[in-house]
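Worksheet: one structure, shown below.
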Amino acid sequence: MRYFITGTAGFIGFHLARRLLQDGHTITGLDGMTHYYNIKLKQMRHAALAQFPAFHPVIAMLEDREAVEKAIAEADADVIIHLAAQAGVRYSLENPKAYLSSNLEGSWNILEIARQVGIGHLMLASTSSIYGANASIPFRETDRADEPLTFYAATKKSMELMAHSYSHLYKIPTTAFRFFTVYGPWGRPDMALFKFVKNILEDQPIEIYGEGAMSRDFTYIDDLVEAVVRLSKIVPSEPSRIADARVETLSHQAPFRIINIGGGQPQTLMTFVETVEKSLGRTARRRLLPMQKGDVPHTFASPDLLYALTGYKPDTTLDVGVEAFVSWYLEACDELNTAPKELVA
Ligand SMILES: NC(=O)c1ccc[n+]([C@@H]2O[C@H](COP(=O)([O-])OP(=O)(O)OC[C@H]3O[C@@H](n4cnc5c(N)ncnc54)[C@H](O)[C@@H]3O)[C@@H](O)[C@H]2O)c1
């Protein structure tokens, strides 16, 4: 099959593209190589994908409508997987404009072009952050999720809503994923695992927000990729509706489905730190800090819909996943740390 994926120089897009290339598919991967974090890492990811002749990279911003239109027309894809975004919860306090531009205007461009080309299946990356401080546990896709605590979450929720309207108006089969704290090799330098490992190895203190009591439903990257690959074959439509109305989110107005990608096994931040320490065989210098503005206390996915649709749910343990990250980091860190200054955010 032919896939058009946005964000292939990013953490998740890289892994997904690599898996699909290994499975024999053709991928056009668009990425704007934004300066949000070390571009060297993004270049390394695209270089690894370039080992596959069936990978066709396009360097362009989502906001550049003409460039995206051309790339999608040339890709002639069966499926579009839209992952490129301004990600990160904390940075949305500093630079909300980047979120407005990438996540709203950029995503709207993808919707418009998906409509023009009549795409067979559009898949979009949303986030567990849209649940905000949801009190009901685990978080179900059917829960009300309209009290976002950050502008990042607000833009992702808006993207889901925009996509529903396009799906209804133009019959675009659409799957929107809500990813829960994804981690693993080639991970993001702005996320806790990368920062913890780097700082512990460099004997620098690590900052632990919420004094370690916050919890996250950590999802190992290979598990997420497996879930997305399975879902790419389940095109939302009435015949795909599952009988269990308590979990099904397929819209009654559109071929549109929202789905959590998380295993339903949350861990506290302190357990996470201890797992990293165990894997490195070192003790961290811990700086306990209060919760930050916009932080959500807990995330906890219900994987029931994912399981009902695919017979699969993420199950890699934190020990195994953290170990895999550490092995990768030890191999990659020299190249990353010696990146030219203009590449490092
Ligand atoms: N990693 C997680 O834990 C997590 C959790 C929930 C949701 N998500 C979502 O999953 C998606 C992928 O996340 P990731 O962790 O791989 O992030 P990432 O930052 O590593 O990847 C995003 C990629 O998109 C590109 N990009 C950003 N804005 C762009 C624009 N306007 N035009 C073109 N390219 C642009 C960046 O250069 C980057 O390579 C994002 O939509 C993110 O919001 C991630």
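Everything in the sequence shown is counted per UniProt numbering, starting at 1 for the first residue and increasing by one.
Beta carbons are placed, not taken as given, at the ideal position from N, Cα and C, and that holds for glycine.
- Measure the CB-CB distance between residue 346 and alanine 176 and report whether it falls below 7 Å. Any property of residue 346 remains undetermined from this structure, which presents the chain solely from 1 to 345.
- Message: Excluding the 5 residues flanking threonine 283 on each side, which residues of the same chain have their C-beta closer than 6 Å to its C-beta?
- Response: Glu277
- Cβ pair count under 8 Å reaching 3, the region 282–299 against the region 87–103: yes
- Query: Using DSSP with H/G/I as helix, E/B as strand and the rest coil, what is isoleucine 113?
  - Reply: helix
- Are there 16 or more other CB atoms within 10 angstroms of the CB of glutamate 141, so buried, or fewer, so exposed? buried
- Item | N- and C-terminal bounds of the beta strand (DSSP E) containing alanine 176 | 174–179
- Message: At the level of alpha carbons, what is the spacing between glutamate 202 and methionine 191?
- Response: 17 Å
- CA-CA distance, isoleucine 221 and valine 182? 6 Å
- Message: Applying the 10 Å Cβ sphere with the 16-neighbour rule, what's the burial state of arginine 287?
- Response: exposed
- Just the Cα atoms here: how many angstroms apart are tyrosine 99 and phenylalanine 151? 8 Å
- Query: On the three-pair Cβ rule with 8 Å, is the region 44–53 touching the region 10–18?
  - Reply: yes
- Task: Could you check the C-alpha separation between glutamate 331 and arginine 216 for me, to the nearest Å?
- Result: 27 Å
- Extent of the continuous beta strand (DSSP E) run through aspartate 31: 26–31
- Query: Where do the ends of the alpha helix (DSSP H) carrying valine 235 lie?
  - Reply: Per DSSP, valine 235 belongs to no alpha helix (DSSP H) and is neither H nor E.
- Residues of its chain near isoleucine 200, where Cβ-Cβ distance is below 6 Å and the 5 sequence neighbours each way are ignored: Leu280, Arg282, Ala284
- Message: Assuming contact is defined by CB atoms lying nearer than 7 Å, are residue 347 and isoleucine 39 in contact in what I supplied?
- Response: With the chain covering only 1 through 345, there is no way to say anything about residue 347.
- Item | Stretch-stretch touch, CB-based, cutoff 8 Å, three pairs: the region 21–39 with the region 67–81 | yes
- Cα-Cα separation between alanine 60 and aspartate 304, rounded to whole angstroms: 37 Å
- Query: Cβ-heavy atom distance between leucine 100 and ligand 2 below 6 Å?
  - Reply: Ligands displayed in this structure: ligand 1; ligand 2 is not among them.
- Per-residue DSSP class, three states only, for valine 58: strand
- Jot down the residue ranges of each uninterrupted beta strand (DSSP E) in the region 117–162, minimum 3 residues, whole runs only, in chain order. 121–127
- Beta-carbon contacts of glycine 106 that lie in its chain and below 6 Å, excluding the five residues immediately before and after: Leu62, Glu63
- For aspartate 76, I'd like the list of residues in its chain whose CB is within less than 7 Å of its CB, leaving aside the five on either flank, ordered along the chain. Arg2
- Item | Beta-bridge partners of histidine 298, as assigned by DSSP | Ser215
- 8 Å CB neighbourhood of lysine 341 in its chain, flanking five on each side removed: none
- Query: For the candidate residues Thr34, Asp23, Thr26, Gln22, whose alpha-carbon lies nearest to that of alanine 9?
  - Reply: Thr34
- If we ignore side chains and look at the alpha-carbon of each, how far apart do isoleucine 7 and phenylalanine 14 end up? Before going further, note that residue 7 is glycine rather than isoleucine in the sequence given. Cα-Cα distance, rounded: 8 Å.
- Do you know offhand how far isoleucine 172's Cα is from leucine 289's? 45 Å
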